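K.L.:
Chains as they are written, first to last, in the working numbering: chain A, 515 to 685; chain U, 84 to 514. C-beta: ideal position from N, C-alpha, C; glycine also. All values derive from a computational prediction rather than experimental measurement. Structure below; questions to follow.
Structure, rendered in structure tokens:
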């Protein structure tokens with residue numbers, strides 16, 4: 515990866531966007547990001563789907579990604595060309611799935627307050643900043659362990675770069 | 084001599100699983116789960132493992148696979164996915180493989196004695212919080228994390244803050260555990276417990292059966308909880324004994340007196356009416372009277388929230404001697420094969436069938452959108468745990484959530500109905 519600063523045009527959502535809206539269960543037979551992306555946000559209609567397809571940043575209110583543990587809720591966004599999700603807050607499983615599939619997910623309520631649909635938004639999870647038309651906002655930078663996973667493009671690629679033979683744990 | 088500050092259940096459970104001491108909320112550590120559950124998503128884990136080119140697994144005895152979400156297969160693709168899992172389990176020596184006949188993963192694992200107090204359990208399912216009903220730390224993760232844990236035995240975990248939820252009083256007849264937890268969700272909101280460990284306590288919680296505790300810990304997910312727990316007591320020990328768990332095979336972890344909670348929530352349930360969660364969010368909760376009379380096309384009694392034996396028995400008590408309203412489809416999906424077998428010997432199943440219910444095979448069924456889908460403009464009252472738009476078929480359909488008693492009463496009348504109107508002699512949920 516070339517850096518931790520990423521962004522572009524934003525599409526803005528409200529609170530409590532759940533995983534059934536992001537990717538309905540009927541499409542979970544696939545794990546292909548491009549195929550999943552075709553159905554991302556399908557319950558919200560074609561106009562919203564079009565806006566997502568032309569965006570690089572998803573901006574959301576509280577509790578984005580609540581609901582199911584389906585990892586494809588993060589994968590379908592990546593497939594749709596989304597590089598970062600900036601929200602007031604995330605449901606915890608979505609946050610994990612985002613990081614683990616290489617999608618930056620940052621909580622920055624102050625930045626969200628200033629963003630309108632179609633605005634340019636840039637985020638840097640290393641520096642802990644979100645840049646919007648209104649200025650630069652900060653959030654706690656990610657711990658090193660999560661930065662490493664993101665930098666490698668997700669948990670599985672990260673693991674594949676590790677040396678083999680894990681040590682056994684006594685408990 | 085130094086004194087150790089009092090700890091919460093969550094701190095102790097993660098200390099045990101990580102081998103580290105004196106953890107504080109917010110800290111990120113590597114934890115080694117006791118069990119990794121994967122359901123129908125298991126095929127994705129296997130494909131991921133193939134992509135990694137790894138065949139050496141950390142400990143196959145910690146892997147449990149249950150084919151529950153789409154069972155039996157609905158398509159050649161599903162069948163191929165199941166076949167992949169079946170063959171993988173055989174090849175790798177995974178003994179905890181449960182096929183399409185078994186039922187919903189969470190219930191199957193608890194019935195089979197695979198969940199013990201104090202254990203750290205992860206699952207490819209958000210409702211893995213349910214394992215707290217037996218005093219375990221259960222939490223949901225994605226399939227990549229399960230795959231990674233198959234290989235490394237560990238995953239990163241943030242030590243959560245804890246919220247204590249103390250519930251007192253006894254419910255009136257017709258009000259079930261589901262109504263109590265729906266009220267909590269309505270009060271605290273869909274993100275009221277995000278990232279938190281939810282600890283249930285108080286006289287009402289102590290009086291709950293394990294089945295009711297499962298309903299509670301399951302639904303805690305709908306407030307965003309990382310895990311949920313009911314402190315183990317004699318009720319727990321009796322259940323574990325029945326599930327064949329040896330008393331010396333686990334250590335009960337309890338929060339210390341004086342442990343720090345982010346917040347304490349109190350609820351008295353003495354006067355609580357049956358509750359209904361209204362489309363399209365689970366935290367949109369109203370007393371049943373507010374929506375009584377709403378016409379229904381379908382009633383679904385199923386899911387890991389409310390399709391255990393007790394739930395089916397409550398529904399059968401209400402439905403006995405009645406028939407499902409004309410034009411309404413009542414679908415009953417027992418949580419597990421064991422639940423179905425018991426219901427078939429006690430007369431519960433016969434009562435449901437005589438009342439006009441369609442009984443399906445055990446599993447997730449309509450809750451996962453498989454069998455029992457709705458057409459445009461239709462409305463279902465469901466005992467499941469989610470009412471998100473499009474979850475059960477058409478994006479233009481509606482899901483209301485309620486207890487098994489409310490579901491049964493509503494099936495009889497064909498409209499959302501307060502079960503107390505139909506329950507002359509029926510008392511509390513069986514304890």
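Can you give the Cα-Cα distance for residue 271 of chain U and residue 366 of chain U, rounded to whole angstroms?
P.N.:
If you number the second chain from 1, residue 271 of chain U lands on position 188. If you number the second chain from 1, residue 366 of chain U lands on position 283. If you take the alpha carbons of residue 271 of chain U and residue 366 of chain U, they lie about 8 Å apart.
K.L.:
One question on the structure: do residue 244 of chain U and residue 108 of chain U come within less than 8 Å of each other, judged by their Cβ atoms?
P.N.:
Within the second chain, residue 244 of chain U is the residue found at index 161, counting from 1. Within the second chain, residue 108 of chain U is the residue found at index 25, counting from 1. Between residue 244 of chain U and residue 108 of chain U, the C-beta gap is smaller than 8 Å, which places the two residues in contact.
K.L.:
Taking residue 534 of chain A as the reference, which of U:476, U:112 and U:189 has the closest Cα?
P.N.:
If you number the first chain from 1, residue 534 of chain A lands on position 20. Ranking U:476, U:112 and U:189 by Cα distance to residue 534 of chain A puts U:476 first.
K.L.:
Run through the DSSP bridge pairs and tell me what residue 391 of chain U is partnered with.
P.N.:
If you number the second chain from 1, residue 391 of chain U lands on position 308. The partner list for residue 391 of chain U (beta bridge, DSSP) is empty, contrary to what the question assumes.
K.L.:
Do we get a CB-CB distance below 8 Å when we pair residue 573 of chain A with the residues of chain U?
P.N.:
Residue mapping note: residue 573 of chain A aligns to position 59 of the first chain, counting from 1. With 8 Å as the cut-off, residue 573 of chain A does not count as an interface residue toward chain U.
K.L.:
Using Cβ-Cβ distances below 7 Å, what residues of the segment 557 to 585 of chain A are close to chain U?
P.N.:
Of all residues in the segment 557 to 585 of chain A, those with a C-beta nearer than 7 Å to a C-beta of chain U are 557, 576, 577, 580, 581, 582, 583 and 585, reading in chain order.
K.L.:
Enumerate in chain order the residues of its own chain whose CB-to-CB distance from residue 226 of chain U is below 6 Å, with the five nearest sequence positions on each side excluded.
P.N.:
The residue labelled residue 226 of chain U in the question sits at position 143 within the second chain. Result list for residue 226 of chain U: 124, 127, 128 and 207, in chain order.
K.L.:
Return no unless some Cβ of chain A is closer than 8 Å to the Cβ of residue 511 of chain U.
P.N.:
As a first step, residue 511 of chain U is located in the second chain; it is residue number 428 there, counting from the start. Confidence in residue 511 of chain U is poor, its pLDDT being 41 and thus under 50, which makes the residue's placement too unreliable to answer from.
K.L.:
8 Å is my cut-off, CB to CB: does residue 673 of chain A come that close to chain U?
P.N.:
For this step, residue 673 of chain A is matched to residue 159 along the first chain. With 8 Å as the cut-off, residue 673 of chain A counts as an interface residue toward chain U.
K.L.:
Taking only beta-carbon positions, decide if residue 233 of chain U is within less than 8 Å of chain A.
P.N.:
The residue you call residue 233 of chain U lines up with position 150 of the second chain. It does not: the Cβ of residue 233 of chain U has no partner Cβ on chain A nearer than 8 Å.
K.L.:
Can you give the beta carbon distance from residue 649 of chain A to residue 570 of chain A, rounded, assuming they're within the 8 Å contact cut?
P.N.:
Here the question's residue 649 of chain A lines up with position 135 in the first chain. Here the question's residue 570 of chain A lines up with position 56 in the first chain. Contact annotation, residue 649 of chain A with residue 570 of chain A: C-beta distance approximately 20 Å; criterion of less than 8 Å not satisfied.
K.L.:
Give the residues of chain U in contact with residue 534 of chain A, contact being defined as C-beta atoms less than 8 Å apart.
P.N.:
The residue labelled residue 534 of chain A in the question sits at position 20 within the first chain. Simply 469, 471, 472, 473 and 474.
K.L.:
Report yes if the CB atom of residue 250 of chain U is closer than 8 Å to the CB atom of residue 203 of chain U, and no otherwise.
P.N.:
Here residue 250 of chain U is taken as the residue at index 167 of the second chain, counted from 1. Here residue 203 of chain U is taken as the residue at index 120 of the second chain, counted from 1. Contact: no.
K.L.:
With residue 155 of chain U and residue 183 of chain U assumed to form a contact (beta carbons below 8 Å), what rounded beta-carbon distance in angstroms separates them?
P.N.:
Here residue 155 of chain U corresponds to residue number 72 of the second chain, with the count starting at 1. Here residue 183 of chain U corresponds to residue number 100 of the second chain, with the count starting at 1. Contact holds; Cβ gap of about 5 Å.
K.L.:
Using a Cβ cut-off of 8 Å (strictly closer), state whether residue 642 of chain A contacts chain U.
P.N.:
Mapped onto the first chain, residue 642 of chain A falls at position 128. No - not a single Cβ of chain U is within 8 Å of the one on residue 642 of chain A.
K.L.:
Evaluate the contact criterion for the segment 649 to 662 of chain A versus the segment 99 to 106 of chain U: three or more CB pairs, one atom per stretch, below 8 Å.
P.N.:
no
K.L.:
How close, in whole Å, do the beta carbons of residue 406 of chain U and residue 455 of chain U come, if the pair is a contact with beta carbons under 8 Å?
P.N.:
As a working note, residue 406 of chain U is residue 323 in the second chain. As a working note, residue 455 of chain U is residue 372 in the second chain. Not really, about 19 Å apart at Cβ, beyond 8 Å.
K.L.:
Return the residue from the list U:177, U:110 and U:133 that minimises the CA-CA distance to residue 142 of chain U.
P.N.:
Your numbering for residue 142 of chain U matches position 59 in the second chain. Residue U:177 is the option with its Cα nearest to residue 142 of chain U.
K.L.:
Establish whether the CB of residue 528 of chain A and some CB of chain U are separated by less than 8 Å.
P.N.:
Counted from its first residue, the first chain places residue 528 of chain A at position 14. No, residue 528 of chain A lies away from the interface with chain U (no Cβ there is under 8 Å from its Cβ).
K.L.:
Identify, in the order they occur along the chain, each residue of the same chain with its Cβ nearer than 8 Å to the Cβ of residue 370 of chain U, setting aside the five sequence neighbours on each side.
P.N.:
What you label residue 370 of chain U is simply residue 287 of the second chain in a count that begins at 1. Same-chain partners within the cutoff: 356, 357, 358 and 359.
K.L.:
Which partner residues does residue 283 of chain U have in the DSSP bridge list?
P.N.:
Indexing the second chain from 1 puts residue 283 of chain U at position 200. DSSP output for residue 283 of chain U lists U:248 as bridge partner(s).
K.L.:
Quick check: the Cα distance between residue 211 of chain U and residue 205 of chain U, rounded to an integer number of angstroms?
P.N.:
Position 128 of the second chain, counted from the first residue, corresponds to residue 211 of chain U. Position 122 of the second chain, counted from the first residue, corresponds to residue 205 of chain U. Distance from the CA atom of residue 211 of chain U to the CA atom of residue 205 of chain U, rounded to whole angstroms, is 7 Å.
K.L.:
Using a Cβ cut-off of 7 Å, pull out every chain C residue sitting near residue 111 of chain U, in sequence order please.
P.N.:
No chain C is part of this structure, whose protein chains are labelled A and U.
K.L.:
State whether the segment 598 to 610 of chain A contacts the segment 660 to 667 of chain A, with contact taken as three or more CB pairs (one from each stretch) at a distance under 8 Å.
P.N.:
Contact fails: fewer than three Cβ-Cβ distances are below 8 Å.
K.L.:
Report yes or no: is there a C-beta of chain U within less than 8 Å of the C-beta of residue 668 of chain A?
P.N.:
Indexing the first chain from 1 puts residue 668 of chain A at position 154. Cβ-Cβ to chain U under 8 Å: yes for residue 668 of chain A.
K.L.:
With a CB to CB cut of under 8 Å and the five nearest residues on each side skipped, what residues in its chain are close to residue 576 of chain A?
P.N.:
To locate residue 576 of chain A, count along the first chain from 1; it is residue 62. 529, 530, 601, 602 and 603, listed in sequence order.
K.L.:
Would a C-beta distance cut-off of 8 Å place residue 466 of chain U and residue 385 of chain U closer than the cut-off?
P.N.:
Looking up residue 466 of chain U in the second chain gives position 383. Looking up residue 385 of chain U in the second chain gives position 302. Yes, the Cβ-Cβ distance between residue 466 of chain U and residue 385 of chain U is below 8 Å.
K.L.:
Assuming contact is defined by CB atoms lying nearer than 8 Å, are residue 388 of chain U and residue 414 of chain U in contact in what I supplied?
P.N.:
Working through the second chain from its first residue, we reach residue 388 of chain U at position 305. Working through the second chain from its first residue, we reach residue 414 of chain U at position 331. No, Cβ-Cβ distance for residue 388 of chain U and residue 414 of chain U is not below 8 Å.
K.L.:
Which whole-angstrom value is the C-beta distance of residue 408 of chain U and residue 434 of chain U, which I expect to be below 8 Å?
P.N.:
If you number the second chain from 1, residue 408 of chain U lands on position 325. If you number the second chain from 1, residue 434 of chain U lands on position 351. Actually they are not in contact, since the Cβ atoms of residue 408 of chain U and residue 434 of chain U sit about 17 Å apart, beyond 8 Å.
K.L.:
Which residues of chain U have a Cβ atom closer than 7 Å to the Cβ of residue 543 of chain A, listed in chain order?
P.N.:
Within the first chain, residue 543 of chain A is the residue found at index 29, counting from 1. By Cβ distance, chain U contributes 160.
K.L.:
Below 8 Å on the Cβ atoms is my contact criterion, and I expect residue 431 of chain U with residue 396 of chain U to pass it. Report the Cβ-Cβ distance as a whole number of Å.
P.N.:
Residue numbering aside, residue 431 of chain U sits at position 348 when the second chain is read from its first letter. Residue numbering aside, residue 396 of chain U sits at position 313 when the second chain is read from its first letter. Right, the Cβ-Cβ distance comes to about 5 Å (below 8 Å), so this counts as a contact.
K.L.:
What residue from U:192, U:187, U:186 and U:170 has the CA that sits closest to residue 179 of chain U's CA?
P.N.:
Numbered from its first residue, the second chain carries residue 179 of chain U at position 96. Sorting U:192, U:187, U:186 and U:170 by C-alpha distance to the C-alpha of residue 179 of chain U places U:192 at the top.
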